[in-house]
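Chemist:
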Amino acid sequence: MDSYESSDERGNSSSSSEESEDEVVQTPPASLPVIKTNGQVYTYPDGKSGMATCEMCGMVGVRDAFYSKTKRFCSVSCSRSYSSNSKKASVLARLQGKSPSKKAKLLPKPMAPKLTQSSMLQATLQSQAKRKSIKTPSDGFEWGRYIWKNSLTAASVGCFKHAPMADHWGDITEGMRVEVVNTDCVVSSKVFWIAWVIKLAGYKGLLRYEGYESDSSRDFWCNLCTPDVHPIGWCATIGKPLVPPQTIMHRCSNWKAFLVKKLTGSKTLPPDFQAKVQESLSFPFKRGMRLEVVDKAQISRTRVALVDSVIGGRLRLAYRDGAGTVATGTAGGGAGSVAGVEEDDFWCHMRSPLIHPIGWSRAVGHQHKSPEGAKKHDGSSDAGSYLFPIVKEMPQKQECFREGMKLEAIDPLNLSSICVATVRKVLGDGFLMIGIDGSEAADGTDWFCYHSMSPSIFPVGFCEINQIELASPRGYNKTPFNWFEYLRETSSPAAPVSLFNKEIPNHGFRVGMKLEAVDLMEPRLICVATVVRIVNRLLRIHFDGWEDEYDQWVDCQSPDLFPVGWCELTGYQLQPPLSSVPASPHPAGAKQKKKTKSGYKGHKKKRKMALGRRPIALGGPQQSPGLVLRYPAAGGGVREDESTAAPPCRTFPATQTVVSGRDGLALGSVDCRAERRPEGHVMAVKEEPMDADPPCGVNAASSSSLALFSTKQEP
Numbered sequence: 001m002d003s004y005e006s007s008d009e010r011g012n013s014s015s016s017s018e019e020s021e022d023e024v025v026q027t028p029p030a031s032l033p034v035i036k037t038n039g040q041v042y043t044y045p046d047g048k049s050g051m052a053t054c055e056m057c058g059m060v061g062v063r064d065a066f067y068s069k070t071k072r073f074c075s076v077s078c079s080r081s082y083s084s085n086s087k088k089a090s091v092l093a094r095l096q097g098k099s100p101s102k103k104a105k106l107l108p109k110p111m112a113p114k115l116t117q118s119s120m121l122q123a124t125l126q127s128q129a130k131r132k133s134i135k136t137p138s139d140g141f142e143w144g145r146y147i148w149k150n151s152l153t154a155a156s157v158g159c160f161k162h163a164p165m166a167d168h169w170g171d172i173t174e175g176m177r178v179e180v181v182n183t184d185c186v187v188s189s190k191v192f193w194i195a196w197v198i199k200l201a202g203y204k205g206l207l208r209y210e211g212y213e214s215d216s217s218r219d220f221w222c223n224l225c226t227p228d229v230h231p232i233g234w235c236a237t238i239g240k241p242l243v244p245p246q247t248i249m250h251r252c253s254n255w256k257a258f259l260v261k262k263l264t265g266s267k268t269l270p271p272d273f274q275a276k277v278q279e280s281l282s283f284p285f286k287r288g289m290r291l292e293v294v295d296k297a298q299i300s301r302t303r304v305a306l307v308d309s310v311i312g313g314r315l316r317l318a319y320r321d322g323a324g325t326v327a328t329g330t331a332g333g334g335a336g337s338v339a340g341v342e343e344d345d346f347w348c349h350m351r352s353p354l355i356h357p358i359g360w361s362r363a364v365g366h367q368h369k370s371p372e373g374a375k376k377h378d379g380s381s382d383a384g385s386y387l388f389p390i391v392k393e394m395p396q397k398q399e400c401f402r403e404g405m406k407l408e409a410i411d412p413l414n415l416s417s418i419c420v421a422t423v424r425k426v427l428g429d430g431f432l433m434i435g436i437d438g439s440e441a442a443d444g445t446d447w448f449c450y451h452s453m454s455p456s457i458f459p460v461g462f463c464e465i466n467q468i469e470l471a472s473p474r475g476y477n478k479t480p481f482n483w484f485e486y487l488r489e490t491s492s493p494a495a496p497v498s499l500f501n502k503e504i505p506n507h508g509f510r511v512g513m514k515l516e517a518v519d520l521m522e523p524r525l526i527c528v529a530t531v532v533r534i535v536n537r538l539l540r541i542h543f544d545g546w547e548d549e550y551d552q553w554v555d556c557q558s559p560d561l562f563p564v565g566w567c568e569l570t571g572y573q574l575q576p577p578l579s580s581v582p583a584s585p586h587p588a589g590a591k592q593k594k595k596t597k598s599g600y601k602g603h604k605k606k607r608k609m610a611l612g613r614r615p616i617a618l619g620g621p622q623q624s625p626g627l628v629l630r631y632p633a634a635g636g637g638v639r640e641d642e643s644t645a646a647p648p649c650r651t652f653p654a655t656q657t658v659v660s661g662r663d664g665l666a667l668g669s670v671d672c673r674a675e676r677r678p679e680g681h682v683m684a685v686k687e688e689p690m691d692a693d694p695p696c697g698v699n700a701a702s703s704s705s706l707a708l709f710s711t712k713q714e715p
């Protein structure tokens, strides 16, 4: 806190604030800088006298209350801890932007070069802060206003293990102090003042300048990972002034004493916070890398694709035809329609289970579409296998999945439904090809690959125990659906409960929490969303402003969920809700309203854009006028790419591509003129007599053990 100074006497203050490196105990200056306003004289704190920072725990407090003659520690405990751990760097030296005094000998010689590197990093971050911030249009939607107006709660960044800064978000707490830009100041240059965090919502924080006390008129929301948010003492490091807001300047004649009182015992950001932010925004995938990804036109196979861009860990992949050319797809309604051409691309996160290294399909026996006339590659541009998520190893058991086994699975073409499903093929490394009963294509083009430890497949009876609507097979007219009768009629075994993933992580999500979620039926779109139900590790995500039929079941560790403020941080476009009224979560444990039919609902319809919303082209991300997308490059920096813009919204023609797959519908291609699908109802479970003979593949042991896996869990 070396740089509390007035704008009129900044030069005099900076020259008088210099100290000898050999001094250990600082002496207060003869006079403090002052500024005259309306005939009144106000004092600005210079940060030299009265204040001290504990070199062990970083607590800021009154110097006279600190321990030892040198006032380096706030307590005896910190003094002893520091002595026993000499490798600890001097927090005071970092906050004041100086090297430790020679007499104190706070740091061993090997640490000296690190201080130089830290200074260079601070200069780099300062230059990056001067860049113009990216404004991504979202129809005027503001997370802060939306949350505050409706008294909402957002999921913590720590709930999203794949999100930037997730591992370090424990350093961020409500009540901590930070240095931020002072927007209420008559000085033309950028100046800073201290603010404290009132409320946290994802990456965003509601801040209030020190001095406003209970006055909330100037509260403001800020993304805490932006370059203009710094720990206490950062201004002193680079020589920036701390200037109180003009509106409250008259409230105090001695701001130094005021800050001494307010900052005593307070917490602030770690000194290397901005360095951690930049490091978390660097990603290993680079443009031009080759990989295998699910074919959105036929989900039972994979194709080769190239990484076109990387935004916040999300990959825009361009499918490749032979000779390395970009594949194109037709957008039309069939015979007699006017066909347009759109670039064949696909969006997913770098931790998505939909992508694999080159050669994966051949290794496990998965169907793969080889480009016609493709040339042999030397593999130099192939994404390394170490870049992909590590598949959870299968426990060594005598039992294993076999073809024909029945289970329950999230429909990959309608993520709001959990359906009756069958293991159609067993691949290598624990992967399975799953088909949805009653709706499969004759040639199996709509089978989907799940790993045997996937959290998206469940044992028979999972939905019944957890009161989730189970979509019965299309054409199966016996209602209510009964698993025992169905297994007996189809002469099929149920997959043993012991084969499924029973791990339930402590994810931290609660019903009603807000977040940003990918619409997996339109994976280029990220929307304002709400957690409306939690079943073990399974989350039901509702897109605010949209009907419940567009809800999606996802895993709590899905890489397609992001904290509030992620789009703003990465420069990705956020799709606002259709209305300002937030989603109302289903009460915990409450049963859903019974409906008239519980059958397979088919492919999910795409969303119909509301009237008055801006039209965006179908052909993938396009350059917005005057908007240049910046996304992290190698080394944690930010680079510009004129060929890539933030992913837009989409408008939908009457019909789109009809490709081979379930009823001719492919992932992301539907007939938008179709009538709204009929509503289903909650499955009424028929009680079976205890002495009834179990159907084929079901025994008393597996039936009773189902409760161990599918215990009802609602918050």
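Going letter by letter, the sequence shown gives residues 1 to 715 in the UniProt record's numbering.
Using N, Cα and C, we set each Cβ at its ideal position, and we do this for glycine too.
Using C-beta distances below 6 Å, list every residue in its chain close to Thr570, excluding the 5 sequence neighbours before and after it, in chain order.
Modeler: Excluding sequence neighbours, Thr570 sits near Ile311, Gly312.
Chemist: Have a look at Cys222 and Pro270 and give me their C-alpha separation to the nearest angstrom.
Modeler: Distance between the alpha carbons of Cys222 and Pro270 is about 18 Å.
Chemist: Using only CA atoms, which one of Met433, Lys256, Pro284 lies nearest to Gln367?
Modeler: Nearest of Met433, Lys256, Pro284 to Gln367, Cα basis: Met433.
Chemist: Tell me which residue opens and which closes the alpha helix (DSSP H) that Ala363 is part of.
Modeler: First-last of the alpha helix (DSSP H) with Ala363: 360-364.
Chemist: Going by C-alpha distance, which of Arg524, Gly175, Gly140, Val564 is nearest Ala147?
Modeler: It is Ile, not Ala, that sits at residue 147 in the sequence shown. Checked all of Arg524, Gly175, Gly140, Val564; the closest Cα to Ile147 is Val564.
Chemist: Could you give the residue range of the beta strand (DSSP E) that holds Val528?
Modeler: Counting along the chain, the beta strand (DSSP E) containing Val528 begins and ends at 526-535.
Chemist: Using 8 Å as the threshold, is the C-beta distance between Ser530 and Gly512 below it?
Modeler: Residue identity differs from the one stated: residue 530 is Thr in this sequence, not Ser. Result yes, Cβ atoms of Thr530 and Gly512 sit closer than 8 Å.
Chemist: Reducing DSSP to helix, strand and coil, say where Thr116 ends up.
Modeler: Any reading at Thr116 must be qualified, since the residue scores a pLDDT of 39, below 50, and its modelled position is unreliable; no value is offered.
Chemist: Identify the continuous beta strand (DSSP E) that holds Gln552 and give its terminal residues.
Modeler: Residues 552-555.
Chemist: For Cys400, which of Pro284, Ser452, Ala154, Ala441 has the nearest alpha-carbon?
Modeler: Minimum Cα distance to Cys400 is reached at Ser452.
Chemist: Does the Cβ of Pro241 have 16 or more other Cβ atoms within 10 Å, making it buried, or fewer, making it exposed?
Modeler: Flag for Pro241 reads buried.
Chemist: Taking the alpha-carbon positions, what's the Ser492 to Asn482 distance?
Modeler: About 14 Å.
Chemist: In chain order, what residues of the same chain lie with their CB nearer than 8 Å to the CB of Thr490, ignoring the 5 residues before and after it?
Modeler: Counting only Cβ-Cβ distances below 8 Å, and skipping sequence neighbours, we find Lys406.
Chemist: What does DSSP give as the partner residue(s) for Val178 in the beta ladder?
Modeler: For Val178, which the question treats as bridged, DSSP gives the partners Ala195.
Chemist: Use the C-beta contact count for Ile410: other C-beta atoms within 10 angstroms, 16 or more gives buried, fewer gives exposed.
Modeler: The residue in question, Ile410, is buried, as its Cβ has 16 or more Cβ neighbours within 10 Å.
Chemist: With distances taken from CA atoms, which of Thr445, Cys527, Glu292, Ser189 is nearest Val243?
Modeler: The option with the nearest alpha carbon to Val243 is Ser189.
Chemist: Using the Cα positions of Ile358 and Asp382, report the straight-line distance between them to the nearest angstrom.
Modeler: Rounded to the nearest angstrom, the two C-alpha atoms are 7 Å apart.
Chemist: Would the beta-carbon of Val420 fall within 8 Å of that of Ser472?
Modeler: The answer is yes: Cβ separation under 8 Å.
Chemist: Could you check how far apart the C-beta atoms of Asp308 and Arg301 are, in whole angstroms? I think they sit under 8 Å.
Modeler: With 8 Å as the limit, Asp308 and Arg301 do not qualify as a contact, their Cβ atoms being about 21 Å apart.
Chemist: Mind the definition here: the stretch 275-289 touches the stretch 247-258 only if three or more C-beta pairs lie below 8 Å; say whether that holds.
Modeler: Output reads no: the stretch 247-258 does not touch the stretch 275-289.
Chemist: Please work out which residues of its chain come closer than 7 Å, Cβ to Cβ, to Ala610, disregarding the five sequence neighbours upstream and downstream, and give them in chain order.
Modeler: In this predicted model, Ala610 has a pLDDT of only 38, less than 50, meaning its place in the structure is not dependable; the value taken from the coordinates is given anyway. Closer than 7 Å at the Cβ level, and outside the excluded window around Ala610, lie Leu578.
Chemist: Can you grab the Cα-Cα spacing for the pair Gln552 / Leu224, in whole Å?
Modeler: Between Gln552 and Leu224, the C-alpha separation is close to 29 Å.
Chemist: Among residues of its own chain, excluding the 5 on either side of Ile468, which ones have a beta-carbon nearer than 8 Å to its beta-carbon?
Modeler: Within the same chain, Ile468 has close Cβ partners Ile418, Phe462, Val535.
Chemist: Excluding the 5 residues flanking Gly288 on each side, which residues of the same chain have their C-beta closer than 7 Å to its C-beta?
Modeler: Contacts found: Leu306, Val307, Ser381.
Chemist: Would you identify the three-state DSSP class for Gly626, choosing helix, strand or coil?
Modeler: Model confidence at Gly626 stands at a pLDDT of 35, short of 50, so the residue's coordinates are unreliable and nothing is read from them.
Chemist: Quick check: what's the CA-CA separation for Phe346 versus Val293?
Modeler: Their backbone Cα atoms lie some 9 Å apart in a straight line.
Chemist: Quick one: Cα of Ser79 to Cα of Ala52, how far?
Modeler: Approximately 14 Å between the Cα atoms of the pair.
Chemist: What does the Cβ neighbour count give for Gln398, buried or exposed, with the cut at 16 atoms within 10 Å?
Modeler: By the 10 Å Cβ count, Gln398 comes out exposed.
Chemist: Which whole-angstrom value describes the C-beta separation of Glu516 and Leu574, a residue pair presumed to lie in contact below a C-beta threshold of 8 Å?
Modeler: Confirmed, Cβ separation roughly 6 Å.
Chemist: Note down, in chain order, each residue of its chain lying with its Cβ closer than 6 Å to the Cβ of Pro137, except the 5 sequence neighbours on either side.
Modeler: With a pLDDT of 45 at Pro137, under the threshold of 50, the modelled position of that residue is not reliable, and no figure is offered here.
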